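First comes the structure, then the notes that go with it.
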Amino acid sequence: MKPLNLALLALIFVFCHSYVFAESATLKAGIRDINGKPVAGVKLFLYESTNVRKPADFISVQSDERGLTVITAPRGRYWAVARLKKDSLYGPLMPGDKHSGEPVEIDLSDNTETEFIVADILEIGQKKRTNTPDTIRVRGRIFDKEGNPVANAYVYAHGTKEIEYIPEYLSTWTDDKGDYILYLPSGGTFFVGSALKFPPPPTPALLREFATDSSKSDIVTDIQLIVN
Amino acid sequence: MIRPTKIMKINYPTWLFITLFSSLLILGSPFISHALTLEKDTVWQGQVKISEDILVPKGLTLTIRPGTSVKVAVAESTKTDPEYMSPLTEITIRGTLRVEGTTKEPVVFSGEDNKNGNWAGIVIDRGVAVMTCFSIKNAETAINSLDGNLRMNEAVIRDNRYGLVLQGNGSHTLQENSLITGNDYGVFTLQGAHLVTKSSRLSGNRKKDSFVAAAKEFPPPQVIKTSENQPVSRRYQDEVFRGDMVWQGRIEVAGTIRVPQGSRLIIMPGTVVEFLKKDTNGDGIGENGLMIQGRLVAKGTREEPIIFRSAEKDKSMGDWDSINIMDSAGGQNLVENCLIEHAYRGLHFHFSNVAVYDSHITQNYRGIQFQESLVDMKGNYLYGNKSGVQGRDSDLLFTSNTLQNNYVGANFFRATITANGNRIVNNWKEGLRIREGVSTLRENLVDGNRQGTLLADMFYGSYNRNSFTNNLETGLAVRNADNIEVSNNVIASNGINGLNVQDSRFLVKSNQITDNAERGIGVQSFDGLITENNLAANGIYAIDLDGPGNVAAPANWWGTDDPARVILDKRRESSRGSVSNERACDRPFRFTWPLQTVSSDTTWRGEIIISANTSVMNNATLKIEPGTTVRFARGTGLLIKGRMLAEGKPEQKIVFTSIEKKSASEWDEIQLEYATGSVISNCIFEYANWGLHSHFTNLTVSNSHFTNNFGGMRFRSGPVEIKESVFEHNSIGIRSYIGNAVIRNNVIARNETGIFVREKGGGLSITRNNIFDNSNYNIRVGDFNNEDVPARDNWWGSTEPLATLFDGRSEPGIGNVLFEPFSREPFRTGTGASP
Chain L
6 MKPLNLALLA LIFVFCHSYV FAESATLKAG IRDINGKPVA GVKLFLYEST
56 NVRKPADFIS VQSDERGLTV ITAPRGRYWA VARLKKDSLY GPLMPGDKHS
106 GEPVEIDLSD NTETEFIVAD ILEIGQKKRT NTPDTIRVRG RIFDKEGNPV
156 ANAYVYAHGT KEIEYIPEYL STWTDDKGDY ILYLPSGGTF FVGSALKFPP
206 PPTPALLREF ATDSSKSDIV TDIQLIVN
Chain A
232 MIRPTKIMKI NYPTWLFITL FSSLLILGSP FISHALTLEK DTVWQGQVKI
282 SEDILVPKGL TLTIRPGTSV KVAVAESTKT DPEYMSPLTE ITIRGTLRVE
332 GTTKEPVVFS GEDNKNGNWA GIVIDRGVAV MTCFSIKNAE TAINSLDGNL
382 RMNEAVIRDN RYGLVLQGNG SHTLQENSLI TGNDYGVFTL QGAHLVTKSS
432 RLSGNRKKDS FVAAAKEFPP PQVIKTSENQ PVSRRYQDEV FRGDMVWQGR
482 IEVAGTIRVP QGSRLIIMPG TVVEFLKKDT NGDGIGENGL MIQGRLVAKG
532 TREEPIIFRS AEKDKSMGDW DSINIMDSAG GQNLVENCLI EHAYRGLHFH
582 FSNVAVYDSH ITQNYRGIQF QESLVDMKGN YLYGNKSGVQ GRDSDLLFTS
632 NTLQNNYVGA NFFRATITAN GNRIVNNWKE GLRIREGVST LRENLVDGNR
682 QGTLLADMFY GSYNRNSFTN NLETGLAVRN ADNIEVSNNV IASNGINGLN
732 VQDSRFLVKS NQITDNAERG IGVQSFDGLI TENNLAANGI YAIDLDGPGN
782 VAAPANWWGT DDPARVILDK RRESSRGSVS NERACDRPFR FTWPLQTVSS
832 DTTWRGEIII SANTSVMNNA TLKIEPGTTV RFARGTGLLI KGRMLAEGKP
882 EQKIVFTSIE KKSASEWDEI QLEYATGSVI SNCIFEYANW GLHSHFTNLT
932 VSNSHFTNNF GGMRFRSGPV EIKESVFEHN SIGIRSYIGN AVIRNNVIAR
982 NETGIFVREK GGGLSITRNN IFDNSNYNIR VGDFNNEDVP ARDNWWGSTE
1032 PLATLFDGRS EPGIGNVLFE PFSREPFRTG TGASP
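Those sequence lines, one after another, are chains L and A. Add 5 to the 1-based position in the first sequence for our numbering, that's all there is to it. Add 231 to the 1-based position in the second sequence for our numbering, that's all there is to it.
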């Protein structure tokens, strides 16, 4: 190849390279799970419209061990979704795959950084669950002396051992499995009993002291009670 | 009273108020009406613009004069207040509507921007409409009659989504000299509505001119006993309760009871709370109720439920306001074993933690409404309300509830929902509607509603092992959804389409999508995957792709059809996209039946797995198609309290078998309990404990084969006819207990005992069978049978008949088998099983 041609090619390459860089921007994305831990293997999908239910216009490489991925695309406005597919194929997600939910609008008029949280339905359900930070949910079963579940009973809790008439907190009646759920203020100490009739007897035979750990504001704790 | 919307705005011109509240209202043109409940008989004429809902209550008349133009604005809100039917702007008639158009001066109803479906239309909700010379366009449903009385003459109904929708046995319509054309759908006659048409034309509607569907009635819930006679123990006006207030006995409320923060209202089992009607604003809805800002403990029991109801002599929906619970999230509010009726909203809560268990909520405008709350609903019946339950921005556990015969069953927006084991049946519009949020639906029955389930704008969702069946139009409709999973559901026997998909991308896998009247799946645009489904026996198409995009549908079973015949796509119309159907399966995928209770008419085809004991309820028919195989997991069985129609064909037997197929008694039995009308023919029963077990059932079994079971068939009472069948390689071929049966033309051979007559065998007629080579006895009479057993004219094999019988001649005191005369030659029998 003649030197002139080589120079021309080099010039074209430099021009195009500059042009591409001038017309493109980079999106750096950090991918985390709902507990804030980085997630590897996630791809970022960029769409030129809000319709993300179709093949993407641009797709990033997979995120690395630090949960980082980068994608370069022509400058403009995009809607981005992060997806983790276990089978590494394209197409709709399969059960257990994770994604970031509603598309996020990205202004890629300049280099940009952002973060995505990916989750499956169980995780997102947990995350979206209505928080009642001052309340703890206590869950378990009521058994009789022989260890059989008791239906049509309930659990109650009171701040003192003496109950004047109606305890402060009550569960619903149990089902055939003896399951109950009781909501209590967190960070308190209660005396917990169970009964078959409402209201419970004025002098309950067996009350168990139970502390609701305030550090576990939305944690389920199983307990077992005996109906006398 | 908390009812924050749909009130008249206060910036109307003064003249309008004066006019509105005159004794007989005549409105000149133009005026703008907002949500308005008429308080007087009213006349419209000239130009009328409507920007929100109009309600004509019972007892009042809205008259529309000739030449009037009614223009309806597009609704800005998607909110539906309980007394209205649609989120769009509507004219609701509970009283009387008179439309007095003339040929020269017709009355015109139209949407303001002339777009199809941008206002709701006219809803005749148990009211009366006499309409002459008028036209309606741009509505979702031009006229929707809900048990209403409609007479229409010289009408033009055009450019609506639906023309006429007539619902309910109490709906009577006379349509004369009218034209219904250019709508998406013309006339729908549903749930037993009565329509008489004279000199009218119904044609040229884009999707369907007419459609008739009747929902199967589900039995109503058991009525809660209410105490009628106890005297009123306490009466309250407007009051504030501080501390713990305990109610028991009969309570009368003539105001609003407020329970402030830190206080509790405790209602004891057996209490009756009655609310007097106070309607200060004349909207027909009572205002008395409860306002709980502390906590409510309404802990009824099954034996002693708590009743909340109207105190009026003639009780009706909306007589009182609601049990309002506001900002009460500290402990859980309990509503258990309660009956709540005649309210505007039975329960209404915001920012609260509420459990509603085992309660009946009926005859309210809306059963339950909530937002920003933690909600646990279990074991409730919500029936006969305009709207069963509506919730938003909440966390909902929704378990084993029944929503039945409401106008709308359930409507959730932006909620996190876990719904298991619910029955959502026979609701007049949608059974279940979910928009946005995160929802997990499992093992729910959505059956017999006008529309089954609508999902919209979803990014997280799992819909698994549900039954979307027998809905009058569509079983499951999904719009604007991404990432969701629709799997292992039965989507069958719906009146138009099984599954509708629009603007979505998700997984449709391992579903039983069969027997829908028109389409298995109707697709407008879909970028997901449809795979490993059974797509068989849908009326017109398995998949109808009505859009330009392509659809991936590999590895499905298409029944006995050529996929190209049951797919409507580019192959037939070039404007449509292409449905890829590669790797089509030549046999059905095994489908595990999702529900343990079959409570509506159901069809089984393909290969059905029964993984747990399953019951067919007494109002339901289970039809099993020829060629079907039903495989039972170990120890499971089928209890038929309704009917079972298992009619195979000689070349397409129906097989009832185990999963392992190794030895007898791997599965339990098919028990028919008062299942009269059941038919069993050309079936194979194998590896069961008992193939068939019939009690008190008028039953015919023919051309069937019972083999490798502990017992082939047992029965008590009858009448039973067993014919042309084979019983072989069982421990007992047939067992009769106080039986009334004809057993003829069968082969009963190579069992240990051919026929065992346990007790009272005199009612049997055993004749023209080949009964031989049974290793113990051909017939054994039980120790408690003291009657002779008629068994004449059978062939007993090559040995002396008496040697193959155990009866009174072997053990004195029990009956004899009357085997003489007997045949020396085998009979020709059915099923090709001559010895």
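No residue lacks a Cβ here, since even glycine has one placed at the ideal position from N, Cα and C. Computed from a predicted structure; not experimentally measured.
For residue 797(A), the enclosing alpha helix (DSSP H) starts and ends at 794-797.
Residue-level contact by beta carbon fails for residue 455(A) and chain L, as no gap is shorter than 8 Å. Residue 128(L) sits in a helix when the DSSP states are folded into three classes. Of all residues in the segment 42-68 of chain L, those with a C-beta nearer than 9 Å to a C-beta of chain A are 56, 57, 58, 59 and 60, reading in chain order. A check of alpha carbon separations from residue 809(A) across 1052(A), 923(A), 794(A) and 850(A) identifies 794(A) as the nearest.
Per DSSP, reduced to three states, the secondary structure at residue 28(L) is helical. Taking 8 Å as the threshold, the shortest C-beta distance from residue 177(L) to chain A falls below it. Contact of residue 713(A) with chain L is assigned, a C-beta pair being separated by under 8 Å. Taking the Cα positions, residue 728(A) is about 44 Å away from residue 534(A). Secondary structure at residue 190(L): strand, using DSSP grouped into helix, strand and coil. Residues of chain L with a Cβ closer than 7 Å to the Cβ of residue 500(A) are, in chain order, 203.
Taking C-beta separations shorter than 6 Å and ignoring five residues to either side along the sequence, the partners of residue 336(A) in its chain run 297 and 298, following chain order.
If only uninterrupted beta strand (DSSP E) runs of at least 3 residues are considered, those enclosed by the segment 590-634 of chain A are 591-593, 597-602, 605-609, 612-614, 618-623 and 626-630. Chain-order list of chain A residues neighbouring residue 174(L): 562, by C-beta distance under 7 Å. Interface with chain L (8 Å Cβ-Cβ cutoff): residue 684(A) is excluded.
For residue 293(A), the three-state secondary structure derived from DSSP is strand.
Assigned with DSSP and collapsed to three states, residue 776(A) falls in strand.
Interface criterion met: the Cβ of residue 188(L) is under 8 Å from a Cβ in chain A.
Annotation: the segment 885-971 of chain A contains the following complete segments of the beta strand (DSSP E) (minimum length 3 residues), in chain order: 885-889, 898-904, 910-912, 914-917, 919-926, 930-933, 936-938, 942-954 and 957-959. The C-beta distance from residue 414(A) to residue 436(A) rounds to 5 Å, short enough to meet the 8 Å contact threshold. Membership of residue 79(L) in the beta strand (DSSP E) is indicated by the continuous run 73-79. Under the DSSP assignment, residue 364(A) falls in the beta strand (DSSP E) whose first and last residues are 359-367. Close CB contacts of residue 539(A) within its chain, under the 6 Å cut and outside five residues either way in sequence, are with 504 and 571 (chain order). Note on residue 836(A): 16 or more other CB atoms within 10 angstroms of its CB, so buried under the neighbour-count rule. For the segment 94-107 of chain L, the set of positions with a beta-carbon nearer than 7 Å to some beta-carbon of chain A reads 96, 97, 98, 99, 100, 104, 106 and 107 in chain order. Here residue 359(A) has 327 and 380 as same chain residues with Cβ atoms under 6 Å from its own Cβ, once five neighbours each way along the sequence are excluded. For residue 218(L), there are no neighbours in chain A by C-beta distance under 7 Å, as the nearest C-beta there is about 17 Å away. Taking all protein chains shown into account, residue 471(A) has fewer than 16 neighbouring C-beta atoms within 10 Å of its C-beta and is therefore exposed. Exposed is the label assigned to residue 457(A), since fewer than 16 other Cβ atoms lie within 10 Å of its Cβ. In this structure, residue 51(L) places its C-beta atom within 8 Å of the C-beta atom of residue 62(L). For residue 428(A), the secondary structure class from DSSP, reduced to helix, strand or coil, is strand. If you draw a straight line from the Cα of residue 173(L) to the Cα of residue 217(L), it is about 15 Å long. Judged by DSSP in its simplified three-state form, residue 837(A) adopts coil rather than helix or strand. Annotation for residue 716(A): 692, 693, 694, 695, 737, 738 and 740 place their beta carbon closer than 8 Å to its own, counting only its chain and skipping 5 residues before and after. Less than 8 Å divides the Cβ of residue 212(L) from the Cβ of residue 198(L). Counting only the Cα atoms, residue 91(L) lies some 17 Å from residue 759(A).
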